[in-house]
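Data first, discussion second: the structure below is written as structure tokens.
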Amino acid sequence: MSLQRLQAGLARLVHWIDTGTLTIAALLLLGIVIIDGLSVLFRYVFSAPFSWSEEVMRYCNIWLSFLGAVSAFVRREHMTVELGLTSGNGIIARVLGVLGLLIIMVVAGYMVIYGVRGATANLGQMSPSAGISMAVPYAAVPVAGLLIIVVSLFFLLSNLRRAERQIADSAPREI
0 MSLQRLQAGL
10 ARLVHWIDTG
20 TLTIAALLLL
30 GIVIIDGLSV
40 LFRYVFSAPF
50 SWSEEVMRYC
60 NIWLSFLGAV
70 SAFVRREHMT
80 VELGLTSGNG
90 IIARVLGVLG
100 LLIIMVVAGY
110 MVIYGVRGAT
120 ANLGQMSPSA
130 GISMAVPYAA
140 VPVAGLLIIV
150 VSLFFLLSNL
160 RRAERQIADS
170 APREI
């Protein structure tokens, strides 16, 4: 498989990751708002509070945060420290860009490894009020880590293809 076909496939996958994470995050936010509204209504109007609402909203918020982080990474809207060295098309900017992506991939790899350990360690533990397996909130960490690794691979391939084209354009041509 050529590098170009791999990059095109990853581009489609990254598009689906972005669309999927945004859609799920929006649904989670809507769910949080509805549960919170109903919780207030039932607590103060009907004097029958939900015992599970805060717990479910907390777990939805955990997933919302991690999926939002993935989407922000896809769109390059996450926090970064710009030193002025990464702007432009120079070799230093390219090296720092690749180094940054490699560091992100290492951190995301740790998220996957230790997130899976945390989720599997809590498979049998149930949340006290909602009765949800504690593996559900813990699973947000490795899922986000895996998605970030896929997106990082796409960005890394994009950087390599751009550098490859730049080298080809600057090569001396025969007349």
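Residue numbering for the sequence shown follows numbering that gives the first Met the number 0, beginning at 0 and increasing consecutively. Think of the CB as a built atom: it goes at the ideal place given N, C-alpha and C, for glycine as much as any other residue.
- Beta-carbon to beta-carbon, L63 and L27 are separated by about 4 Å, close enough to satisfy the 8 Å threshold.
- Approximately 6 Å separates the beta-carbon atoms of G96 and N158; this is inside 8 Å, confirming the contact.
- Within the model, the alpha-carbon separation for Q6 versus L156 is close to 6 Å.
- A143 sits close to M110, with the two beta carbons spaced by under 8 Å.
- Annotated three-state conformation of S157 is helix, per DSSP.
- Taking each of T119, F154 and M133 in turn and checking the Cα distance to I102, the smallest one comes out for F154.
- The beta-bridge partner set that DSSP reports for S132 consists of M125.
- Residue state for A138 is assigned as coil, using DSSP reduced to three classes.
- Here the alpha carbon of P127 sits roughly 49 Å from the alpha carbon of V94.
- Residue state for F45 is assigned as coil, using DSSP reduced to three classes.
- A134 is the residue among D35, P48, L12 and A134 whose C-alpha sits nearest the C-alpha of R116.
- Closest in alpha carbon position to I131, among V73, L146 and R57, is R57.
- Linking Y43 to F49 through their CA atoms gives a straight-line distance of about 11 Å.
- The C-beta distance from P141 to G114 rounds to 3 Å, short enough to meet the 8 Å contact threshold.
- With 16 or more other CB atoms across the displayed protein chains lying within 10 angstroms of its CB, L146 is buried.
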